[in-house]
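Residue numbers (the numbering used here): 35 to 393. Glycine is no exception: its CB is placed at the ideal position from the N, C-alpha and C atoms. The structure under discussion appears below in the form of structure tokens.
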């Protein structure tokens, strides 16, 4: 028997034609945002340098605000009354934790070594190759916190279950991230940037969750049917904020690295290859495990996407602290940022198109 998915009106899957049309236009807008970001970053580097400087503990504040705009609409859908029932459906959590901490860091390390010590070895200086390997390992050991809420929303995932998956994952990260990175890098003094970790969790989870909870309680006041209607109307009205925030985030991320992309396109393409293989491989492994284990789609899709996405703020901060701002390791983590959004959108599309396989 499949685990029973949460059945709330706002999470009912839309018609397949509607999903395809939405993905098509979103992909177009993101593609234009990538081009706009690279172009603006090249034409107006001073503007993006000023925006990039608005950060604290390696968390860029403009990007944080945009991510907050993306995450908040989903947080309004979190039903705290159903949190106590999440334990009745443990399979999604098991898959998320197994993929993130028992599989993903090690497959990323393996792919990095294979490509940069063998496949790309004739084209790269050995010292640079080791830097890229280090950056990829750090990235692979840092599962996502913020953007997962966006991907979950785009697949009509169970908002409450996604919150629990992310929260448990963040708790494990506090204890497991540094030892795993130390093991794979052979470095014993990994200093976890606690400010980055705590600030990111606070900005991307705690603050929008509190705002979403307050909004939900306000909307549900009065009669049950009236409250449900107000909630559905409100979530429909604010849904465009997620798309606008996503497109604006892509412009900023690619604008920050526009000159780097144009200056080192071959190196960036080589770093992207193992990242792409890792992303699609991890998604298919987690998604396939969820299908075989008969996990409902609105839990299966987010649990596979959590394992695929990365906590790039943490990865970049650690790479810079260990190897320096202009190191190959830092560059590798930045390439992870650039690859993530287009890859995750393609995986969202794949998940939505295979929704029917989950019954």
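Cβ separation of residue 111 and residue 249, assumed to be a contact under 8 Å, to the nearest whole Å:
The count along the chain shown starts at 1 and reaches residue 111 at position 77. The count along the chain shown starts at 1 and reaches residue 249 at position 215. That pair is no contact at about 10 Å.
N-terminal and C-terminal residue of the alpha helix (DSSP H) that residue 126 is part of:
Numbered from 1 along the chain shown, position 92 holds the residue referred to as residue 126. That run of the alpha helix (DSSP H) goes 125–132.
Under 8 Å by Cβ, that's how I've got residue 109 and residue 245 pegged, so tell me the actual separation to the nearest angstrom.
Mapped onto the chain shown, residue 109 falls at position 75. Mapped onto the chain shown, residue 245 falls at position 211. Sure, about 7 Å apart at Cβ, within 8 Å.
Any idea which residues DSSP pairs residue 89 with across the strands?
Within the chain shown, residue 89 is the residue found at index 55, counting from 1. In the DSSP output, where bridge partners are listed per residue, residue 89 has 94.
Looking at C-alpha atoms only, which residue of 318, 349, 247 and 306 is the closest neighbour of residue 334?
The residue you call residue 334 lines up with position 300 of the chain shown. Out of 318, 349, 247 and 306, 318 has the C-alpha closest to the C-alpha of residue 334.
Where residue 386 sits in the DSSP three-state scheme
Indexing the chain shown from 1 puts residue 386 at position 352. Three-state DSSP puts residue 386 in a helix.
Take the Cβ of residue 393 as the centre, count every other Cβ of all protein chains shown within 10 Å, and call the residue buried at 16 or more, exposed below.
Against the chain shown, residue 393 aligns to sequence position 359. Burial call: exposed.
From residue 365 to residue 320, what does the alpha carbon distance come to, in whole angstroms?
Numbered from 1 along the chain shown, position 331 holds the residue referred to as residue 365. Numbered from 1 along the chain shown, position 286 holds the residue referred to as residue 320. Going from the Cα of residue 365 to the Cα of residue 320 covers about 28 Å.
Check residue 344 in the structure and name its three-state DSSP category.
Reading the chain shown from its first residue, position 310 is the one you call residue 344. Looking at residue 344 - three-state DSSP - the assignment turns out to be strand.
Please list, in chain order, all residues of the same chain as residue 202 whose beta carbon is under 8 Å from its beta carbon, the five residues on each side excluded.
For the purposes of this step, residue 202 is taken as the residue at position 168 of the chain shown. Excluding residues within five positions, the ones whose Cβ falls inside 8 Å are 127, 130 and 131.
Measuring CB to CB, does residue 352 end up less than 9 Å from residue 172?
Position 318 of the chain shown, counted from the start, is the residue given in the question as residue 352. Position 138 of the chain shown, counted from the start, is the residue given in the question as residue 172. Their beta carbons are under 9 Å apart, which means residue 352 touches residue 172 by this criterion.
In whole angstroms, what separates the C-alpha of residue 311 from that of residue 72?
Within the chain shown, residue 311 is the residue found at index 277, counting from 1. Within the chain shown, residue 72 is the residue found at index 38, counting from 1. Distance between the alpha carbons of residue 311 and residue 72 is about 24 Å.
Which first and last residues belong to the alpha helix (DSSP H) in which residue 261 is found?
Within the chain shown, numbered from 1, the residue matching residue 261 stands at position 227. 258–290 is the span of the alpha helix (DSSP H), which, as asked, contains residue 261.
Applying the criterion that 16 or more other CB atoms from any shown protein chain within 10 Å of the CB defines a buried residue, is residue 59 buried or exposed?
What you label residue 59 is simply residue 25 of the chain shown in a count that begins at 1. Counting Cβ neighbours within 10 Å, residue 59 comes out exposed, since fewer than 16 surround it.
Relative to the alpha-carbon of residue 187, which residue among 355, 356 and 336 has its alpha-carbon at the smallest distance?
If you number the chain shown from 1, residue 187 lands on position 153. Nearest option by C-alpha distance: 336.
Using only the alpha-carbon positions, how far apart do residue 275 and residue 331 sit?
Counting from one through the chain shown, the residue named residue 275 turns up at place 241. Counting from one through the chain shown, the residue named residue 331 turns up at place 297. In a straight line, the C-alpha of residue 275 is about 25 Å away from that of residue 331.
Are there 16 or more other CB atoms within 10 angstroms of the CB of residue 308, so buried, or fewer, so exposed?
Walking along the chain shown from the start, residue 308 turns up at place 274. With 16 or more other Cβ atoms within 10 Å, it is buried.
DSSP on residue 378, reduced to helix/strand/coil?
Residue numbering aside, residue 378 sits at position 344 when the chain shown is read from its first letter. Helix, per DSSP.
Neighbour-count burial assignment, residue 256, 16 or more Cβ in a 10 Å radius
Sequence index remark: in the chain shown, residue 256 carries index 222 (1-based). The residue in question, residue 256, is exposed, as its Cβ has fewer than 16 Cβ neighbours within 10 Å.
Look at the Cβ atom of residue 101, then the Cβ atom of residue 181, and state whether they are nearer than 9 Å.
As a first step, residue 101 must be located in the chain shown, where it is residue number 67. As a first step, residue 181 must be located in the chain shown, where it is residue number 147. Cβ distance < 9 Å, so residue 101 and residue 181 count as in contact.
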